[in-house]
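Note that UniProt numbering has the sequence shown beginning at 1, numbered continuously upward.
Don't be surprised by glycine CBs; every beta carbon is placed ideally from N, CA and C.
Just so you know, these numbers come straight off a predicted model, no measurement behind them.
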Amino acid sequence: MTTALTFQNTHFDIVEQNNQVWLSATDIAKALGYAREDSVSRIYDRNSDEFSSVMSMTVNLTVNGINKSLRKKTTRIFSLRGAHLIAMFSRTSAAKEFRKWVLDVLDREIQQPQNNQNPTLLNNAKKACERVSQRENQSYNELLALKETFAQLEHSSRIAQNQISDLLTSHHSKRDHIAHIYLAHQVMVV
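Here it is, written out as structure tokens:
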């Protein structure tokens, strides 16, 4: 993962969330040439319906306060995709160049080798896949889709463990729903 970023004369203090690069609204505002630090937050507020939770969020960051004391500050941050979308709404002269730059950074992030995978998570996913394959009445398509999902995990470390839990919960819910439909059909036939 990238640890330092600079666009023209603006240095970004990178925030790492879920092993991804996130940028603060304040830093993006400086890079886009806004005089006010809250300009990006105002753009976000006007267009928040176009941002997903993986594009923007607020976090509590520890910052240097008055007299060099540390304090918590609620800060809006943007993923690289979110930063690109902010630049799409921006009308500054730097916006076009910033959009190109942030896409280049995003490309580099995607192309970096994923050497920090969670082996326990991958092992658990493989075991779950094996257990599912041993169950009776498991449709071939469901099994294939689940195996493909877990195979993709081996190539990406950017999926949080709770997303995998949600996937498994969803899979079990769908299987249970199919079983209920089947049982209801059997009752109607009898």
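If you draw a straight line from the Cα of residue 23 to the Cα of residue 108, it is about 16 Å long. Per the C-alpha coordinates, the member of 93, 57, 73 and 58 positioned closest to residue 64 is 73. The beta carbon of residue 98 sits closer than 7 Å to those of 7, 31, 32 and 87, all from its chain and outside the five residues before and after it, given in chain order. CA-CA distance, residue 128 to residue 29, rounds to 45 Å.
With respect to the C-alpha of residue 80, the residue from 69, 20, 43 and 68 having the closest C-alpha is 20. In this chain, residue 88 is not harboured by any beta strand (DSSP E); it is covered by the alpha helix (DSSP H) spanning 80-89. Sorting 27, 3, 11 and 40 by C-alpha distance to the C-alpha of residue 91 places 40 at the top.
Secondary structure within the UniProt domain "Bro-N" (1-114): the beta strand (DSSP E) runs of 3 or more consecutive residues, fully enclosed, are 5-7, 10-12, 15-17, 20-24, 56-64 and 70-79 (chain order). Within the model, the alpha-carbon separation for residue 103 versus residue 78 is close to 14 Å. Here the C-alpha atom of residue 9 lies approximately 11 Å from the C-alpha atom of residue 27. Here residue 14 has 2, 3, 4, 5, 21, 22 and 23 as same chain residues with Cβ atoms under 8 Å from its own Cβ, once five neighbours each way along the sequence are excluded. Rounded to the nearest angstrom, the gap between the Cα atoms of residue 25 and residue 66 is 21 Å.
When C-alpha distances from residue 58 are compared across 126, 101 and 16, the shortest belongs to 16. The Cβ atoms of residue 89 and residue 43 lie closer than 8 Å to each other. When only Cα atoms are considered, residue 105 and residue 45 end up about 25 Å apart. Between residue 85 and residue 37, the CB-CB gap reaches or exceeds 8 Å.
The alpha-carbon of residue 101 is positioned some 16 Å away from that of residue 111. Straight across, the Cα-Cα distance linking residue 93 with residue 34 is about 10 Å. For residue 75, the closest of 61, 95, 96 and 68 by C-alpha to C-alpha distance is 61.
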